[in-house]
Amino acid sequence: MGEGHPIDPASMLATHFPRDLTDTVMSDESATVVLDIAGHGHWTVSIDSGVAELRSADGPRKPTCTIRTDADTLADVLIGRRSGVDAFLDGDLVTRGSLATVLQIGGAFAPDVELSTRPQSREVDAGGVRTAYLEAGRADAPPVVLLHGLGATNASMLPVLADLAEDHRVIAPDTPGFGASEAPCWTYTAHQLYSWLRAFLDAVDARGAVVVGNSLGGRLALELAMHDPEAVAKLVLLCPSPAFRRFRQLVPLVKLLPVDVARLPAAPVPRPVVMAGVKAMFADPNRVPQSWFDAAVDEFEIAMSSGAHRRAALSALFNIYTEEAFGDTGFWGRLPNLRTPALFLWGSEDRLVPASFARHVSEAMPTAESVVIPHCGHVPQLELPALTMQLVREFLSSERTPSAQASTEYGLALG
1231 MGEGHPIDPA SMLATHFPRD LTDTVMSDES ATVVLDIAGH GHWTVSIDSG
1281 VAELRSADGP RKPTCTIRTD ADTLADVLIG RRSGVDAFLD GDLVTRGSLA
1331 TVLQIGGAFA PDVELSTRPQ SREVDAGGVR TAYLEAGRAD APPVVLLHGL
1381 GATNASMLPV LADLAEDHRV IAPDTPGFGA SEAPCWTYTA HQLYSWLRAF
1431 LDAVDARGAV VVGNSLGGRL ALELAMHDPE AVAKLVLLCP SPAFRRFRQL
1481 VPLVKLLPVD VARLPAAPVP RPVVMAGVKA MFADPNRVPQ SWFDAAVDEF
1531 EIAMSSGAHR RAALSALFNI YTEEAFGDTG FWGRLPNLRT PALFLWGSED
1581 RLVPASFARH VSEAMPTAES VVIPHCGHVP QLELPALTMQ LVREFLSSER
1631 TPSAQASTEY GLALG
């Protein structure tokens, strides 16, 4: 930038950092953000009721979030040459603490510059639940809704958002009980979450959208299409969570456990344990920058510091384990009736949702497309984003009707 002229971060921040956030979701928020600019020191941003105060100084020991980057990247993001999401995905911007806060602030940069990959953080009442969501792309473009998995947030769908926002209106909510959304005192069954999702689509005017879901988000997308086919144009299921097919001997015991115990104060899970759990979702964790894992663990720890969010996660987990799989109301009994065009992507090394489910899905839905990605874990959009988005775009651009879709499961060689 500047044809070789050195960048002065202090001047850039003074000129371009937004001070008035009252028209954003931060209008009633308080936060402290530390900016660590390589070779240029630290700045602290204090936000109170939507008003930001910037000063050149170290922040508190535990700020809401810390952003580390270089002067060139900072300048590009501030003036709108590049989005913070792109910089984060490229590894040029590293965050610690609340990634949701980083995304909220990032949406306020360079408001006069059109940048499809810069999401706006918003909130809406969906069926009586305060729901936080990201929105990117053109408002008049075809809508796509992204649904994250259990224990995650909408940030886990950022690679999909960044790709599809070029020519779609992309909407990525935090499911109730997760991320920045409210955590109501629900049972968190698949049907309960489907009811919320239907209300959310109405609230953001996105009925008829393509719905992309990972893990639990994939299951919610399937429930939506099975209950309300007109609400969904196409389905993209990234390692979706189906109902267990095998006998589970602990179901009677689990049904007796009170999920409200999760509200009680509890010692946090040791960070190395959480980190190991997150990395276990990847076939090869080395494909992903360590900074992404740090951000994911931070988001998990923030969410689990809330008793209501702990209860929501436990309730959702219990219901996945105990639900009836077969019969007229069971997942596998209803799946053959699904007529929405669907693409299923599975990871061959997925430890949570084994790729063997692909065979059962193909038997239930012979017109669906089912792809097993070799050497991939549970989150293909993070582990192999380029390949995942290639498959997604090929499917979205296809004009094939459900009856003409591929009826066989196949694998892809990665070379």
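Using our numbering, the first residue of the sequence shown is number 1231, and each one after it goes up by one. Idealized CB from N, CA, C, for every residue including glycine. All of these numbers come straight from a predicted model, not from anything done at the bench.
As the crow flies, the alpha-carbon of Glu1353 is around 9 Å from that of Pro1403. Taking the C-beta atoms as reference points, Ala1369 is found no nearer than 7 Å to Arg1348.
Taking the CA atoms as reference points, Val1609 sits about 7 Å from Leu1468.
Straight-line spacing of the CA atoms in Ser1445 and His1378 works out to 7 Å. Of the other Cβ atoms in all chains shown, fewer than 16 fall within 10 Å of the Cβ of Pro1290; this residue is therefore exposed. Annotation: Arg1589 is outside any beta strand (DSSP E); the continuous alpha helix (DSSP H) that includes it extends over Phe1587 to Ala1594. By the CB criterion at 7 Å, Val1462 and Val1442 fall outside the cutoff.
Here the alpha carbons of Ala1598 and Asp1580 stand approximately 20 Å from one another. In the displayed model, Gly1407 falls within coil according to three-state DSSP, outside both helix and strand.
Take the alpha-carbon of Leu1427 and the one of Met1387: they are about 17 Å apart. Straight across, the Cα-Cα distance linking Asp1266 with Gly1407 is about 32 Å. Residue nearest to Arg1449 within the set Arg1249, Val1583, Asp1355 and Leu1364 is Val1583 (criterion: CA-CA distance). Apart from sequence neighbours up to five positions away, the residues of its chain that approach Pro1293 with a beta-carbon distance below 7 Å are Thr1262, Val1263, Val1264 and Gly1327, ordered along the chain. For Val1324, the pairing in a beta bridge is given by DSSP as Arg1298. In the three-state scheme derived from DSSP, where H, G and I count as helix and E and B as strand, Asp1266 is classed as strand. Rounded to the nearest angstrom, the gap between the Cα atoms of Thr1383 and His1270 is 32 Å. Between the alpha carbons of Gly1314 and His1421 lies a gap of roughly 35 Å.
Under the DSSP definition of a beta bridge, Arg1399 partners with Pro1373.
Ranked by Cα distance from Asp1514, the options Phe1625, Glu1529 and Ser1578 are led by Ser1578. Secondary structure note for Arg1285: its beta strand (DSSP E) is the uninterrupted segment Val1281 to Arg1285. Ranked by how close their Cα comes to the Cα of Phe1530, the residues Gln1334, Val1508 and Ala1395 have Val1508 in first place. In this structure, the alpha-carbon of Ser1279 lies about 11 Å from that of Asp1253. Annotation for Tyr1424: the continuous alpha helix (DSSP H) segment containing it runs Ala1420 to Ala1433. For Arg1352, the uninterrupted beta strand (DSSP E) segment begins and ends at Gln1350 to Ala1356. Judged by their CB atoms, Trp1576 and Val1602 are nearer to each other than the 7 Å cut-off. When the five nearest sequence neighbours on each side are left out, the beta carbons in the same chain lying within less than 6 Å of the beta carbon of Leu1423 are those of Leu1450, in order along the chain.
Residue pairing from DSSP places His1272 in a beta bridge opposite Asp1266.
With contacts defined as CB atoms closer than 7 Å, Val1434 and Val1374 fail to qualify as a contacting pair. By the neighbour-count definition (other C-beta atoms within 10 Å, threshold 16), Pro1341 is an exposed residue. Lys1509: member of the alpha helix (DSSP H) spanning Arg1501 to Lys1509, first to last residue.
In the DSSP assignment, Gly1577 is bridged to Ile1603. Within the same chain, Cβ atoms closer than 6 Å to the Cβ of Gly1336 are found at Gly1314, the five residues on either side in sequence being excluded. Taking C-beta separations shorter than 6 Å and ignoring five residues to either side along the sequence, the partners of Phe1587 in its chain run Pro1472, following chain order.
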